[in-house]
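Trainee: First, the structure itself, so that you have it in front of you.
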């Protein structure tokens, strides 16, 4: 091995060791845990068993849980994209001296913890919140319920994920520039055709990056679904928490964590494929 | 002008307060003519081009193409082919896709598009490049694709925004000839924006020199170069010696240590005198009455192969003198005393 490679390896070693110790070993431990069984009190039973995984695959509750989580996360991703795209485009096109100010304004919600923002949404969306009051004021007899159900979770998470989406979109807009849009319109493209044939394809890398980020964050989000879902919305992250902390069934929590990991793996794979196809 | 194809009628563009970027500009361009908009950066030439193309709104005034007022039409309805300074090729489409774009927007049949794209690529000598991506092409090739893309839609007007400024010197000269040939062959009315006076002189039928949003002079390259209307035009187009002087009642001009006569008579008072360096000769022998002359000393001689440039000091006034080199002619030495002579007809005087 050439000296340079050996030095590189030596320099990488500490980081690899740390990763091994704090990431790979616990993950392995988690995987092992899913092959154990716990009694009702939470104590681990002796021996290795496939019982937990058997339950995962046979109990329709878990299939539904995974499906619900993925569907909700995907809806949140799409809604976040729709809400963020125009803002990102506006910021990207803004003159330089405004750009930084606008970006800071967009990511400033991150200065407030997601817990606080979630409580904020509970107040806004609640039965006595401003939106319900407005709807009543407009003559609606019974305002629709907007908290402690999927609607609340979706609204809250979309707002919480928007800063990440906007940043990812702007980062991925590098190929777009004003003269390309001007060229397209000078060639006879109507505004919508300019968007569909030029702006959209050129911003696709940003869209994919933002969607990957938002999806991963949505699937793994815990606090917002827990609070705004009010225990009525069952998602992977909240279920893992319940199994680990409330039911004390660590093997099930471990198995669900592995499922989340697999979902991430699929998302990354899909992203990689699409990214290569677009480039 | 009876044959005006493109008419700019008191066109004006303001960005906020302050002086307008383009001030009340009126210009007529003949059918099939290549008109250059020449000026330093910030003179409003690109803004003018963008207004013609519909990429910028005119604050006031009108733009007419073939008698039709297009001032308020959006760019996609103006039927103008634009070649951008950075080419603005669509990076996600291949060369054929770029050229086909305008035809697709016009909903032409597939077979016709394929045929026209092929013909357009052949016209710019890029046969067989259709499947390449723009980033796989050299600057000159990208430039050709941009030209083909703008021309394939057979636009009423072709707008070129500094199309050669991103090419290296050799390629620029080549493309200059090529663009001019294509433009002549198609007989397309063309506006060519440039800050390069050589480019403008070499390519254009007529040149409109702009300065600070206003037209200084419109004329053929010959008129612009030989009969500049203002000191600015004389200074901007070609190299020049500039002297400040005073004209007396008899018409003689005193500029520093020099006494001279100018081509055109004018009122007495302060004048700016301008003489092209290559019209000044190092005199050998007698000097006729139609010449101005001055005695001086060579301060610096710069040999650049085809041209020899000398700075000659005439009693405090420094004149630059240029001539083509010749193997038989010696290069003057610094400190050598010489006699300079230039025709009175080559001495331009502008009242200051």
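Residue numbers (the numbering used here), protein chains in the order written: chain Z, 615 to 893; chain E, 4 to 355.
The beta-carbon is built from N, C-alpha and C at its ideal position, and this holds for glycine as well.
#1: Which whole-angstrom value is the C-beta distance of residue 136 of chain E and residue 97 of chain E, which I expect to be below 8 Å?
#2: What distance in whole Å lies between the Cβ atoms of residue 832 of chain Z and residue 691 of chain Z, which are believed to be in contact at a cut-off of 8 Å?
#3: Using DSSP bridges, identify the partner residues of residue 312 of chain E.
#4: If the criterion is Cβ atoms closer than 7 Å, does the pair residue 223 of chain E and residue 41 of chain E meet it?
#5: Going by DSSP, which residues form a beta bridge with residue 872 of chain Z?
#6: Drop a sphere of 10 angstroms on the beta-carbon of residue 799 of chain Z, count the other beta-carbons inside from all chains shown, and report buried for 16 or more, exposed for fewer.
#7: Which runs of the beta strand (DSSP E), 3 residues or longer, sit entirely within the stretch 188-274 of chain E?
#8: Would you say residue 85 of chain E lies against chain Z (beta-carbon separation less than 7 Å)?
#9: Specify the secondary structure class of residue 79 of chain E as computed by DSSP and reduced to three states.
#10: Can you give the Cα-Cα distance for residue 4 of chain E and residue 38 of chain E, rounded to whole angstroms?
#11: Under 7 Å Cβ-Cβ, which residues of chain Z neighbour residue 156 of chain E?
#12: Going by other Cβ atoms of all chains shown within 10 Å of its Cβ, with 16 needed for buried, is residue 619 of chain Z buried or exposed?
#13: Taking buried to mean at least 16 other C-beta atoms within 10 Å of its own C-beta, is residue 354 of chain E buried or exposed?
#14: Which residues bound the beta strand (DSSP E) around residue 16 of chain E?
#15: Please determine if the stretch 120-137 of chain E and the stretch 817-828 of chain Z are in contact, where contact requires at least 3 C-beta pairs separated by less than 8 Å.
#16: List, from N- to C-terminal side, the beta strand (DSSP E) runs of 3 residues or more that fit wholly inside the stretch 144-170 of chain E.
#17: For residue 63 of chain E, which beta-bridge partners are listed by DSSP?
#18: Any chance you could list the beta strand (DSSP E) runs of at least 3 consecutive residues sitting entirely within the stretch 788-862 of chain Z, in chain order?
#19: So if I threshold CB-CB distances at 7 Å, which residues from the stretch 87-107 of chain E count as touching chain Z?
#20: Can you check whether the C-beta of residue 150 of chain E is within less than 7 Å of a C-beta belonging to chain Z?
#21: DSSP on residue 185 of chain E, reduced to helix/strand/coil?
#22: Can you tell me whether residue 284 of chain E is helix, strand or coil according to DSSP?
#23: Identify every residue that forms a DSSP beta bridge with residue 294 of chain E.
#24: Going by DSSP, which residues form a beta bridge with residue 72 of chain E?
#25: If you compare alpha carbons, which of Z:797, Z:796, Z:773 and Z:813 is closest to residue 727 of chain Z?
#26: Taking 7 Å as the threshold (C-beta atoms), are residue 790 of chain Z and residue 827 of chain Z in contact?
#27: Quick one: grab the DSSP three-state call for residue 592 of chain Z.
#28: For residue 164 of chain E, count the other beta carbons within 10 Å of its own beta carbon; 16 or more makes it buried, fewer makes it exposed. Which is it?
#29: Taking 7 Å as the CB-CB cut-off, is residue 794 of chain Z touching chain E?
#30: So, does the CB of residue 56 of chain E fall closer than 7 Å to a CB anywhere in chain Z?
#31: Between which two residues does the alpha helix (DSSP H) containing residue 107 of chain E stretch?
#32: Does the beta carbon of residue 134 of chain E sit closer than 7 Å to a beta carbon anywhere in chain Z?
#33: Under 7 Å between C-beta atoms, does residue 79 of chain E make it to chain Z?
#34: Would you verify that the beta carbon of residue 782 of chain Z is, or is not, closer than 7 Å to some beta carbon of chain E?
#35: Is the Cβ of residue 109 of chain E closer than 7 Å to any Cβ of chain Z?
#36: Measuring alpha carbon to alpha carbon, tell me which residue in E:284, E:323, E:320 and E:308 is nearest residue 346 of chain E.
Mentor: On the basis of the data shown:
#1: As a position in the second chain, residue 136 of chain E is number 133, starting the count at 1. As a position in the second chain, residue 97 of chain E is number 94, starting the count at 1. Confirmed, Cβ separation roughly 6 Å.
#2: Position 77 of the first chain, counting from 1, holds the residue named residue 691 of chain Z. Position 218 of the first chain, counting from 1, holds the residue named residue 832 of chain Z. That pair is a contact at about 6 Å.
#3: One-based indexing of the second chain puts residue 312 of chain E at position 309. Residue 312 of chain E pairs with E:305 and E:325.
#4: For the purposes of this step, residue 223 of chain E is taken as the residue at position 220 of the second chain. For the purposes of this step, residue 41 of chain E is taken as the residue at position 38 of the second chain. No.
#5: Locating residue 872 of chain Z in the first chain gives position 258, counting from the first residue. Per DSSP, none; premise fails for residue 872 of chain Z.
#6: Position 185 of the first chain, counted from the first residue, corresponds to residue 799 of chain Z. It is buried - the Cβ of residue 799 of chain Z has at least 16 other Cβ atoms within 10 Å.
#7: List check, beta strand (DSSP E) in window: 192-197, 209-214, 217-222, 244-250, 256-258 and 261-263.
#8: Your numbering for residue 85 of chain E matches position 82 in the second chain. So, interface residue.
#9: One-based indexing of the second chain puts residue 79 of chain E at position 76. Reduced to three states, the DSSP call for residue 79 of chain E is helix.
#10: Counting from 1 along the second chain, the entry for residue 4 of chain E is found at position 1. Counting from 1 along the second chain, the entry for residue 38 of chain E is found at position 35. For residue 4 of chain E, the pLDDT reaches just 49, beneath the cut-off of 50, and the residue's location in the model is therefore unreliable, leaving the point undetermined.
#11: Within the second chain, residue 156 of chain E is the residue found at index 153, counting from 1. The contacting residues are 801 and 802.
#12: One-based indexing of the first chain puts residue 619 of chain Z at position 5. With fewer than 16 Cβ atoms within 10 Å of its Cβ, residue 619 of chain Z is classed as exposed.
#13: Residue 354 of chain E sits at position 351 when you count from the first residue of the second chain. With fewer than 16 Cβ atoms within 10 Å of its Cβ, residue 354 of chain E is classed as exposed.
#14: Within the second chain, residue 16 of chain E is the residue found at index 13, counting from 1. That run of the beta strand (DSSP E) goes 7-16.
#15: Judged by Cβ distances under 8 Å, the stretch 120-137 of chain E makes no contact with the stretch 817-828 of chain Z, as fewer than three pairs qualify.
#16: Runs found: 160-164.
#17: As a position in the second chain, residue 63 of chain E is number 60, starting the count at 1. According to DSSP, which records beta bridges pairwise, residue 63 of chain E is partnered with E:15.
#18: Runs of the beta strand (DSSP E) inside the stretch 788-862 of chain Z: none found.
#19: 87, 89, 91, 93, 94, 95, 104 and 105
#20: The residue given as residue 150 of chain E occupies position 147 in the second chain. Residue 150 of chain E does not count as touching chain Z.
#21: Against the second chain, residue 185 of chain E aligns to sequence position 182. DSSP places residue 185 of chain E in helix when its eight states are reduced to three.
#22: As a working note, residue 284 of chain E is residue 281 in the second chain. Note: residue 284 of chain E maps to strand in three-state DSSP.
#23: Looking up residue 294 of chain E in the second chain gives position 291. By DSSP's assignment, residue 294 of chain E forms a beta bridge with E:346.
#24: As a first step, residue 72 of chain E must be located in the second chain, where it is residue number 69. DSSP, once it has assigned bridges, lists E:67 as partnering residue 72 of chain E.
#25: For this step, residue 727 of chain Z is matched to residue 113 along the first chain. Ranked by Cα distance from residue 727 of chain Z, the options Z:797, Z:796, Z:773 and Z:813 are led by Z:773.
#26: The residue you call residue 827 of chain Z lines up with position 213 of the first chain. The residue you call residue 790 of chain Z lines up with position 176 of the first chain. Cβ distance not < 7 Å, so residue 827 of chain Z and residue 790 of chain Z don't count as in contact.
#27: What the structure shows of chain Z is the stretch from 615 to 893, and residue 592 of chain Z is not part of that stretch, so it cannot be assessed.
#28: Start at 1 with the first residue of the second chain, and residue 164 of chain E comes out as number 161. Buried: at least 16 other Cβ atoms inside 10 Å.
#29: Counting from one through the first chain, the residue named residue 794 of chain Z turns up at place 180. Yes, residue 794 of chain Z lies at the interface with chain E (some Cβ there is under 7 Å from its Cβ).
#30: Start at 1 with the first residue of the second chain, and residue 56 of chain E comes out as number 53. Yes, contact with chain Z.
#31: Working through the second chain from its first residue, we reach residue 107 of chain E at position 104. DSSP places residue 107 of chain E inside the alpha helix (DSSP H), whose first and last residues are 98-108.
#32: On the second chain, residue 134 of chain E is found 131 positions in, with the first residue counted as 1. No, because no Cβ of chain Z sits closer than 7 Å to the Cβ of residue 134 of chain E.
#33: Mapped onto the second chain, residue 79 of chain E falls at position 76. Residue 79 of chain E belongs to the set of residues whose beta carbon lies under 7 Å from a beta carbon in chain Z.
#34: On the first chain, residue 782 of chain Z is found 168 positions in, with the first residue counted as 1. By this cut-off, residue 782 of chain Z is not an interface position.
#35: Numbered from 1 along the second chain, position 106 holds the residue referred to as residue 109 of chain E. So, interface residue.
#36: Counted from its first residue, the second chain places residue 346 of chain E at position 343. Answer by Cα proximity: E:284.
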